[in-house]
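Data first, discussion second: the structure below is written as structure tokens.
In the numbering used here, the protein residues as written are 1 to 377.
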């Protein structure tokens, strides 16, 4: 029996964005579709089990006696406390995009994207310095590199053409098993913290208000639609990022505060229900290593309008509308077409349902465990 230890010390709940969702869903899939001959253990910081009880129930989990909010302490623990817990493992998989300076070998790393190298201005100076050092170290130290999309895999190869490790694409997946969504479940209009959505045409954008998420183009598009479509409601979810103040100010400047609601970070179950209720998912982000909400929307049969950038065309393919991330007029036209839900939009929705087959939990779990087995072997 091979022993794989997964390092989740970086996964501070609510502060690491889509990489937390990607990791927890993928490990959940591994627990439901286990690979024979592999035992998986998790190591992390205090509070990991409370944040992800489903993982604590599925795998042996050992947590440090302190939390991970203070980064220097977390980094020190990876090189000391965690290193001891990984002793004797056949493989240690670091899902946080970096490998500790002192690490057990062999090592795998998941690089969710290369944005710190591609767009360093989106990060603080301290984060830029740290990531410029840690990403090359991870690539050099890894025996296996996993990415959530082919696009990220290509960016890694572009940045590090002489790397020794194999790069394997392990795409994201949805939460739960391979079964389809219960189409008979009632779609509600009542959500905590939101106005009543009855008779509203809902445009949903679930994203932290970071600069690269590009809320600006969506707000301008809604301002163009407001008078023509008085029943629209733009619902923004996700935490407050570095551009949050700019987003709030622009909503006021455009005079659209009566049709825009920022709901903040929602529980996963509420967000899943809201995705089913939405009339269209808008996703204008300029930079995505995968774009999990796009997959979730396709599975819910919700039309998708997304930016034609980075990994989004790979994930959405021909199952949605891809447009320039910086053209408000095009966004207004595409959103209006999605809200009208004519024959072409219905065709795209059906294509999205078929596209989801590529991302079934059993397939993603199998790709990860196959990669582990090859390295161990």
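No residue lacks a Cβ here, since even glycine has one placed at the ideal position from N, Cα and C.
Handout entry: Bridge partner(s) assigned by DSSP for residue 38
Key = Within the chain shown, residue 38 is the residue found at index 38, counting from 1. In the DSSP assignment, the residues bridged to residue 38 are 2.
Problem - residue 207 vs residue 257 beta-carbon contact at 8 Å - result: Within the chain shown, numbered from 1, the residue matching residue 207 stands at position 207. Within the chain shown, numbered from 1, the residue matching residue 257 stands at position 257. Not closer than 8 Å, so no.
Exercise for the section: Specify the secondary structure class of residue 260 as computed by DSSP and reduced to three states. Expected result: As a working note, residue 260 is residue 260 in the chain shown. Residue state, collapsed to three classes: strand.
Practice task
Name the residue from 115, 12, 57, 23 whose alpha carbon lies nearest to the alpha carbon of residue 170.
Solution key: Numbered from 1 along the chain shown, position 170 holds the residue referred to as residue 170. Nearest in C-alpha terms to residue 170, of all of 115, 12, 57, 23, is 23.
Handout entry: Exposed unless 16 or more other CB atoms sit within 10 angstroms - verdict on residue 192
Key = Translated into the one-based positions of the chain shown, residue 192 becomes position 192. Under a 10 Å Cβ-count criterion, residue 192 is classified as exposed, with fewer than 16 other Cβ atoms of the shown protein chains found around its own Cβ.
Exercise for the section: For residue 252, count neighbouring Cβ atoms within 10 angstroms of its own Cβ and tell me buried if that reaches 16, exposed if not. Expected result: On the chain shown, position 252 is the one that residue 252 refers to. Taking all protein chains shown into account, residue 252 has fewer than 16 neighbouring C-beta atoms within 10 Å of its C-beta and is therefore exposed.
Handout entry: Proximity of residue 288 and residue 302 at Cβ, strictly below 8 Å
Key = Working through the chain shown from its first residue, we reach residue 288 at position 288. Working through the chain shown from its first residue, we reach residue 302 at position 302. Not in contact: residue 288 and residue 302 (Cβ atoms no closer than 8 Å).
Practice task
For residue 80, count neighbouring Cβ atoms within 10 angstroms of its own Cβ and tell me buried if that reaches 16, exposed if not.
Solution key: As a first step, residue 80 must be located in the chain shown, where it is residue number 80. Label assigned to residue 80: exposed.
Exercise for the section: Any chance you could list the alpha helix (DSSP H) runs of at least 4 consecutive residues sitting entirely within the stretch 126–167, in chain order? Expected result: Uninterrupted alpha helix (DSSP H) stretches at least 4 residues long and entirely within the stretch 126–167 occur at 150–159, given in chain order.
Exercise for the section: Name the two residues that bound the continuous alpha helix (DSSP H) containing residue 8. Expected result: Start at 1 with the first residue of the chain shown, and residue 8 comes out as number 8. Annotation: residue 8 is outside any alpha helix (DSSP H) and is labelled neither H nor E by DSSP.
Problem - Within the stretch 89–120, ranges of the beta strand (DSSP E) (whole runs, at least 3 residues) - result: Taking only runs of at least 3 residues, the beta strand (DSSP E) segments lying wholly in the stretch 89–120 are 91–94, 107–110.
Handout entry: Reduced DSSP category for residue 248 - H, G, I as helix; E, B as strand; rest coil
Key = Position 248 of the chain shown, counting from 1, holds the residue named residue 248. Secondary structure of residue 248 (DSSP, three-state): helix.
Handout entry: When 187, 205, 209, 166 are compared against residue 199, the one with the closest alpha-carbon
Key = As a first step, residue 199 is located in the chain shown; it is residue number 199 there, counting from the start. Minimum Cα-Cα distance from residue 199 among the listed residues 187, 205, 209, 166 corresponds to 187.
Practice task
Pick out whichever of 239, 216, 237 has its Cα sitting closest to the Cα of residue 328.
Solution key: Counting from 1 along the chain shown, the entry for residue 328 is found at position 328. Answer by Cα proximity: 216.
Practice task
Go through the stretch 297–345 residue by residue and report every complete run of the alpha helix (DSSP H) that reaches 4 residues or more, in order.
Solution key: Complete alpha helix (DSSP H) runs here, min 4: 312–316, 328–340.
Practice task
Closer than 6 Å by C-beta to residue 78: which residues in its own chain qualify, once you throw out the five before and the five after it? Chain order, please.
Solution key: If you number the chain shown from 1, residue 78 lands on position 78. Annotation for residue 78: 9, 100 place their beta carbon closer than 6 Å to its own, counting only its chain and skipping 5 residues before and after.
Exercise for the section: Could you pull the start and end residues of the alpha helix (DSSP H) that residue 82 belongs to? Expected result: By 1-based counting over the chain shown, the position of residue 82 is 82. Annotation for residue 82: the continuous alpha helix (DSSP H) segment containing it runs 81–85.
Handout entry: Span of the alpha helix (DSSP H) around residue 280
Key = Position 280 of the chain shown, counting from 1, holds the residue named residue 280. Annotation for residue 280: no alpha helix (DSSP H) segment contains it, though the beta strand (DSSP E) segment containing it runs 280–283.
Handout entry: Segment contact flag, the stretch 54–62 with the stretch 140–153, C-beta cutoff 8 Å, min 3 pairs
Key = Flag = no, the stretch 54–62 and the stretch 140–153 do not touch.
Handout entry: 8 Å CB neighbourhood of residue 128 in its chain, flanking five on each side removed
Key = The residue labelled residue 128 in the question sits at position 128 within the chain shown. In the same chain as residue 128, and ignoring 5 residues on each side of it, the C-beta atoms closer than 8 Å to its own belong to 116, 120, in chain order.
Practice task
Count the C-beta pairs between the stretch 271–281 and the stretch 327–347 that are closer than 8 Å, then say yes if the count reaches three, no if not.
Solution key: The answer is yes - the stretch 327–347 touches the stretch 271–281, with three or more Cβ pairs under 8 Å.
Problem - Buried or exposed (CB count within 10 angstroms, at least 16 for buried), residue 214 - result: The residue you call residue 214 lines up with position 214 of the chain shown. Here residue 214 is buried: its Cβ has 16 or more other Cβ atoms, across all protein chains shown, within 10 Å.
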